[in-house]
Amino acid sequence: MASLSIWGLFRHFCWSALIDVYSKCSCSGEARLVFEETHEKDIVVWNAMFLDIPNNWKMRKALKLYKDLRCQA
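Taken in order, the sequence shown gives residues -16 to -1, 1 to 57; the numbers are from mature numbering (1 follows the signal peptide of the UniProt record, and there is no 0).
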(Lines of atoms letter the chains of each structure in order from A and count residues from 1; the text may use other names and numbers.)
(Lines give C-alpha, C1' and ligand atoms only; values in the text may rest on other atoms or scores of the structure.)
Protein backbone atom coordinates (compact mmCIF):
# COMPACT_ATOMS: atom_id res chain seq x y z
CA MET A 1 0.00 0.00 0.00
CA ALA A 2 2.81 2.46 0.83
CA SER A 3 4.49 1.80 -2.50
CA LEU A 4 1.31 2.85 -4.31
CA SER A 5 1.26 6.21 -2.58
CA ILE A 6 4.96 6.72 -3.32
CA TRP A 7 4.33 5.81 -6.97
CA GLY A 8 1.41 8.26 -7.05
CA LEU A 9 3.60 11.06 -5.71
CA PHE A 10 6.34 10.22 -8.19
CA ARG A 11 3.88 10.19 -11.09
CA HIS A 12 2.50 13.63 -10.18
CA PHE A 13 6.04 14.96 -9.77
CA CYS A 14 6.93 13.71 -13.24
CA TRP A 15 3.87 15.30 -14.85
CA SER A 16 4.45 18.66 -13.19
CA ALA A 17 8.18 18.57 -13.99
CA LEU A 18 7.45 17.81 -17.64
CA ILE A 19 4.95 20.68 -17.80
CA ASP A 20 7.56 22.95 -16.20
CA VAL A 21 10.27 21.97 -18.70
CA TYR A 22 8.01 22.54 -21.69
CA SER A 23 6.96 25.90 -20.26
CA LYS A 24 10.52 27.07 -19.75
CA CYS A 25 11.31 26.11 -23.34
CA SER A 26 8.37 28.26 -24.55
CA CYS A 27 6.50 25.13 -25.66
CA SER A 28 3.13 25.98 -24.15
CA GLY A 29 1.28 23.74 -26.56
CA GLU A 30 3.20 20.69 -25.43
CA ALA A 31 2.83 21.71 -21.77
CA ARG A 32 -0.92 22.00 -22.27
CA LEU A 33 -1.05 18.55 -23.91
CA VAL A 34 0.73 16.98 -20.94
CA PHE A 35 -1.63 18.82 -18.61
CA GLU A 36 -4.69 17.58 -20.50
CA GLU A 37 -3.40 13.99 -20.47
CA THR A 38 -2.88 14.07 -16.69
CA HIS A 39 -5.91 12.22 -15.33
CA GLU A 40 -5.55 13.13 -11.65
CA LYS A 41 -4.67 16.79 -11.50
CA ASP A 42 -3.48 17.83 -8.06
CA ILE A 43 -2.42 21.29 -6.92
CA VAL A 44 1.18 20.66 -8.05
CA VAL A 45 0.11 19.95 -11.63
CA TRP A 46 -2.25 22.95 -11.67
CA ASN A 47 0.50 25.16 -10.26
CA ALA A 48 2.92 24.08 -12.99
CA MET A 49 0.41 25.27 -15.58
CA PHE A 50 -0.22 28.55 -13.78
CA LEU A 51 3.50 29.28 -13.66
CA ASP A 52 3.57 29.10 -17.45
CA ILE A 53 0.99 31.87 -17.82
CA PRO A 54 3.19 34.98 -17.41
CA ASN A 55 5.74 33.73 -19.93
CA ASN A 56 3.78 32.29 -22.79
CA TRP A 57 0.02 32.69 -22.50
CA LYS A 58 -2.57 35.29 -23.23
CA MET A 59 -4.81 36.41 -20.39
CA ARG A 60 -7.94 34.84 -21.88
CA LYS A 61 -6.34 31.39 -21.71
CA ALA A 62 -5.24 32.06 -18.15
CA LEU A 63 -8.78 32.92 -17.08
CA LYS A 64 -10.13 29.77 -18.72
CA LEU A 65 -7.55 27.66 -16.88
CA TYR A 66 -8.54 29.28 -13.60
CA LYS A 67 -12.22 28.60 -14.28
CA ASP A 68 -11.39 24.97 -15.03
CA LEU A 69 -9.57 24.70 -11.69
CA ARG A 70 -12.54 26.16 -9.84
CA CYS A 71 -14.93 23.74 -11.54
CA GLN A 72 -12.77 20.77 -10.56
CA ALA A 73 -12.55 21.77 -6.90
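Glycine is no exception: its CB is placed at the ideal position from the N, C-alpha and C atoms. The model shown is predicted, which means the values in this text are computed figures rather than measured ones.
query	result
Own chain residues within Cβ distance below 7 Å of histidine -5, not counting five before or after	Asp26, Val28, Val29
Through-space distance from lysine 48 to lysine 8, alpha-carbon basis	21 Å
Between the CA atoms of leucine 53 and leucine 17 - distance to the nearest angstrom	16 Å
Beta-carbon proximity check, aspartate 4 vs alanine 46, cutoff 8 Å	no
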